[in-house]
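Below: the structure, in structure tokens.
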């Protein structure tokens with residue numbers, strides 16, 4: 001056999017070829033030898049001498065295929081609008097598409113040599129916008145499919161598609177009379193007949209590329225099948241949804257909808273082409289969820305209030321795909337947490353306010369944190385709902401004039417945990433509770449108020465040696481440092497340093513005493529503190545120190561003067577305490593009391609009865625301080641007085657018959673309770689600190705900017721104070737005024753709302 | 001003795017005892033620290049010269065290091081640390 005071009009009789013060769021083609025297309029048996037010969041025939045026709053018969057071969061084949069398809073159609077039309085039409089069509093399609101594929105191989109010479117040449121490159125198709133020219137040659141396989149589309153599908157498409165839709169409808173009703181394979185095959189034939197330019201040969205998932213991003217016009221599949229299918233589905237679920245919503249509760253409705261969406265998703269995978277999955281589910285979603293959004297939204301509040309977690313999970317799942325579907329739910333959640341929180345902390349008993357406040361907020365937080373995590377899958381939107389609600393609850397003020405009590409209560413809570421008298425809590429429990437209090441701390445707006453209260457409480461614990469454990473104290477400070485930075489805990493750290501420096505100092509003092517051979521009448525210990533670091537009151541009153549203590553004061557001052565140059569000590573007697581032994585009672589008592597209290601008590605050294613005025617003069621305390629300490633001694637029955645209200649002449653008696661079950665106790669605590677005035681004072685001093693902070697911030701900003709607009713300055717101040725407290729605009733304005741008065745800045749002459757820095 | 005005091009836990013605060021309330025070099029109060037330090041107290045001490053002028057230790061060290069003559073910036077006398 002020669003490959004050389006030769007004379008051929010077209011009609012004769014075509015005659016033989018045609019018989020084989022018939023066999024191939026109908027998938028009857030074609031012997032290998034015959035296949036090989038016909039393959040050669042295609043070749044010889046294409047290279048025939050003197051004129052190749054390529055075009056003739058192509059058009060003859062086209063005519064042949066068209067006739068074949070038309071014959072098939074005549075047959076199929078007998079089944080018109082009969083449900084077995086689907087099966088017949090499917091069988092024919094399977095056979096034909098297979099046959100055409102083989103035929104394509106038989107004509108591979110023609111395909112490769114002649115079609116490829118005239119075929120446009122991919123780029124031309126993509127960007128050139130070239131439409132198929134008439135008479136333009138395409139591969140035989142494509143030609144076969146093209147003919148199938150034109151002469152078969154487009155002719156019977158209405159009946160066929162109606163039958164497919166009916167089959168799917170009956171599947172939805174649970175009736176699977178029509179085989180899945182057939183419906184699936186028919187649907188996919190719509191994709192397969194489409195211009196396979198966009199198909200990657202040999203890839204079973206070629207369908208994916210049907211929706212070519214550049215093909216502007218919809219494909220045959222989309223136009224002929226998908227659009228009516230989606231419309232049909234939409235109509236079906238519209239009816240279904242309005243039927244369900246009137247008969248079921250919202251909760252049942254959601255259950256059903258989720259079930260239906262799942263079913264429909266499975267159905268899509270059974271019948272449809274992959275490009276339709278998303279479109280179908282969004283269509284169903286639109287009909288079942290978006291159309292009934294208001295019904296779902298109206299139920300949100302009740303679901304949140306009754307903690308119906310399953311329903312909430314369902315709602316979340318259904319509303320999540322919608323662009324703004326979750327807003328209502330998130331807002332409802334926020335409002336509900338806020339309401340529940342405010343109810344919980346609305347009525348606190350004064351004595352246990354700090355405990356109840358913190359623990360109920362922690363409980364609330366944990367409950368909703370859990371819901372946000374499990375039900376709402378830690379969705380950012382819901383986390384911020386929780387945050388907003390907590391911030392609102394924690395920083396809530398009953399009336400705008402009173403400061404928010406939360407920072408104070410939280411500090412008190414920490415104090416209660418860190419004190420020695422923590423009842424019944426193990427160390428790990430205390431630790432856990434303290435870590436939890438940080439959660440609340442993070443939400444507090446006025447962190448500086450918390451800091452003030454916390455540092456006062458810490459000072460009291462350190463000075464009176466009330467701390468449960470130093471490790472716990474330091475752990476807490478480190479937590480605060482983590483949450484709020486070094487600046488915030490700086491002073492607290494300095495307090496700790498002073499405590500350890502003081503204990504060294506006591507040792508040195510004792511060594512000094514031994515070396516000098518001095519013996520003090522009492523055992524002496526002292527804390528020497530840096531004036532700036534401790535939130536301490538100044539001496540509230542002049543005081544005549546009991547004589548027995550005097551020598552210790554002198555000796556220590558001498559010692560301290562030698563140790564440090566240029567330092568001045570101020571004694572804070574109102575903070576100091578004494579260990580005292582009572583020997584006038586039946587049995588001895590060991591009492592820890594304040595120095596002011598002991599001063600009152602030692603006045604009775606020489607007598608058992610004294611006049612108010614005389615004691616006061618002996619101690620030299622101011623009236624209010626004196627009354628307070630005298631009162632405390634009478635309350636604990638060490639002293640007696642018949643008068644309800646003290647006068648200058650009231651007679652105070654020593655209670656010689658004093659008895660107490662305990663031999664060792666402390667009465668210093670009674671006068672150390674925080675008074676409302678002190679709380680008030682703390683708030684005032686916070687206000688002062690804030691003003692200083694704002695002024696410093698303004699000067700710093702002005703120094704770097706030189707000239708700045710009023711609004712920008714306010715913004716920058718707000719930014720700098722963010723995380724410590726949120727100043728009001730009026731306070732900032734006042735600070736600006738003060739600084740103008742003090743000539744740090746001035747208004748620029750040509751503009752009303754601009755300041756410039758005065759260096 | 002009816003009442004015997006056995007022990008005394010007392011508290012005192014200390015401040016710098018200076019003849020002025022501001023450092024003549026950095027103009028920051030002695031209760032605060034010099035401009036290079038963050039925290040007042042033991043880490044930023046004061047020193048006194050024989051001329052009785054007082055400065056943050058860090059401030060006077062910086063001043064002396066920058067001058068050829070070791071003189072007090074306030075009174076221009078020779079600077080010498082006052083010993084105990």
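Residue numbers (the UniProt record's numbering), protein chains in the order written: chain V, 1 to 759; chain G, 1 to 84.
For every residue, glycine included, the Cβ atom is placed at its ideal position computed from N, Cα and C.
For my contact list, residue i and residue j are in at a C-beta cut-off of 8 Å; report their separation, rounded to the angstrom.
i, j, result
"residue 461 (chain V)", "residue 467 (chain V)", "5 Å"
"residue 395 (chain V)", "residue 439 (chain V)", "Actually they do not touch by this definition, with Cβ atoms about 14 Å apart."
"residue 323 (chain V)", "residue 287 (chain V)", "Incorrect: roughly 17 Å between the Cβ atoms, too far for contact."
"residue 580 (chain V)", "residue 591 (chain V)", "5 Å"
"residue 281 (chain V)", "residue 268 (chain V)", "7 Å"
"residue 13 (chain G)", "residue 529 (chain V)", "5 Å"
"residue 621 (chain V)", "residue 543 (chain V)", "6 Å"
"residue 631 (chain V)", "residue 596 (chain V)", "With a Cβ gap of about 12 Å, residue 631 (chain V) and residue 596 (chain V) do not count as contacting."
"residue 340 (chain V)", "residue 364 (chain V)", "6 Å"
"residue 271 (chain V)", "residue 156 (chain V)", "Contact flag wrong, Cβ pair sits at about 19 Å."
"residue 48 (chain G)", "residue 54 (chain G)", "5 Å"
"residue 72 (chain V)", "residue 152 (chain V)", "7 Å"
"residue 225 (chain V)", "residue 187 (chain V)", "7 Å"
"residue 640 (chain V)", "residue 653 (chain V)", "5 Å"
"residue 577 (chain V)", "residue 9 (chain G)", "5 Å"
List, in order along the chain, the chain G residues whose C-beta lies closer than 9 Å to that of residue i?
i, result
"residue 836 (chain V)", "Limits of chain V in this structure are 1 at one end and 759 at the other, which puts residue 836 (chain V) out of reach."
"residue 526 (chain V)", "8, 9, 10, 11 and 12"
"residue 549 (chain V)", "5, 8 and 10"
"residue 536 (chain V)", "11 and 13"
"residue 490 (chain V)", "38 and 39"
Can you pull the chain V residues whose beta carbon is under 9 Å from the beta carbon of residue i, in chain order?
i, result
"residue 122 (chain G)", "Residue 122 (chain G) lies beyond the residue range present for chain G, which begins at 1 and ends at 84; the question has no answer from this structure."
"residue 28 (chain G)", "Near residue 28 (chain G) there are no residues of chain V at all, since even the closest Cβ is about 13 Å away, more than 9 Å."
Take residue i as the anchor and find which of the options has the nearest alpha-carbon.
i, options, result
"residue 94 (chain V)", "V:414, V:25 and V:4", "V:25"
"residue 293 (chain V)", "V:723, V:689 and V:319", "V:319"
"residue 57 (chain G)", "G:76, G:80 and G:69", "G:80"
"residue 21 (chain G)", "G:34, G:10 and G:68", "G:34"
"residue 60 (chain V)", "V:13, V:89, V:706 and V:560", "V:13"
"residue 532 (chain V)", "V:704, V:753, V:493 and V:39", "V:493"
"residue 518 (chain V)", "V:552, V:389 and V:547", "V:552"
"residue 598 (chain V)", "V:614, V:573 and V:585", "V:573"
"residue 556 (chain V)", "V:231, V:541, V:534 and V:508", "V:508"
"residue 310 (chain V)", "V:406, V:16 and V:374", "V:374"
"residue 470 (chain V)", "V:699, V:420, V:350 and V:166", "V:420"
"residue 304 (chain V)", "V:230, V:251 and V:289", "V:251"
"residue 463 (chain V)", "V:536, V:433 and V:612", "V:536"
"residue 412 (chain V)", "V:353, V:430 and V:402", "V:353"
"residue 367 (chain V)", "V:351, V:392 and V:336", "V:336"
Determine the chain V residues that contact residue i at a beta-carbon separation under 8 Å, and present them in chain order.
i, result
"residue 15 (chain G)", "531, 567, 568 and 570"
I want to verify the contact list: residues of chain G whose CB lies under 8 Å from the CB of residue i, in sequence order.
i, result
"residue 523 (chain V)", "6, 7 and 8"
"residue 494 (chain V)", "39 and 41"
"residue 333 (chain V)", "The contacting residues do not exist; residue 333 (chain V) stays about 44 Å from chain G at best."
"residue 518 (chain V)", "The premise fails here: residue 518 (chain V) is roughly 15 Å from chain G at the closest Cβ pair, so nothing lies under 8 Å."
"residue 598 (chain V)", "3 and 5"
Under 7 Å between beta-carbons, which chain G residues line up against residue i? List them in chain order, please.
i, result
"residue 552 (chain V)", "8"
"residue 463 (chain V)", "11"
"residue 438 (chain V)", "Chain G residues near residue 438 (chain V): none, gap ~25 Å exceeds 7 Å."
**Request:** Check distances from the C-beta atoms of the stretch 575-595 of chain V to those of chain G and list, in chain order, the residues that come in under 7 Å.
**Result:** 575, 576, 577, 578, 579, 580, 581, 582, 583 and 584
**Asked** Unbroken beta strand (DSSP E) runs of length 3 or more, entirely within the stretch 363-432 of chain V: which are they?
**Response** none
**Asked** Residues in the UniProt domain "RING-type" (34-76) of chain G with C-beta within 9 Å of chain V's C-beta atoms, listed in sequence order?
**Response** Flagged, chain order: 38, 39, 40, 41, 42, 45, 46, 47, 48 and 54.
**Entirely enclosed beta strand (DSSP E) segments - the stretch 630-658 of chain V, minimum 3 residues** = 639-641 and 651-654
**Request:** Scan the stretch 649-661 of chain V for residues whose Cβ lies nearer than 9 Å to a Cβ of chain G and list them as they occur along the chain.
**Result:** Residues 654.
**Request:** Mind listing, in chain order, the continuous alpha helix (DSSP H) runs of no fewer than 4 residues lying wholly within the stretch 243-275 of chain V?
**Result:** 250-271
**Request:** May I have a chain-ordered list of the alpha helix (DSSP H) segments no shorter than 4 residues that lie completely inside the stretch 569-619 of chain V?
**Result:** As far as the stretch 569-619 of chain V is concerned, its whole alpha helix (DSSP H) runs of at least 4 residues are 595-602 and 612-619.
**Item:** Under 8 Å (Cβ pairs) to chain G, residues found in the stretch 605-630 of chain V
**Value:** 605
**Message:** Please identify, using Cβ separations under 9 Å, the residues of the stretch 677-705 of chain V that lie next to chain G, in order along the chain.
**Reply:** Against chain G - using a Cβ distance shorter than 9 Å - the stretch 677-705 of chain V contributes no residues.
**Request:** Counting only runs of 3+ residues fully inside the stretch 15-103 of chain V, write out the beta strand (DSSP E) ranges in chain order.
**Result:** none
**Message:** I'd like the ranges of any alpha helix (DSSP H) spanning at least 4 consecutive residues and lying wholly in the stretch 316-358 of chain V.
**Reply:** 327-346
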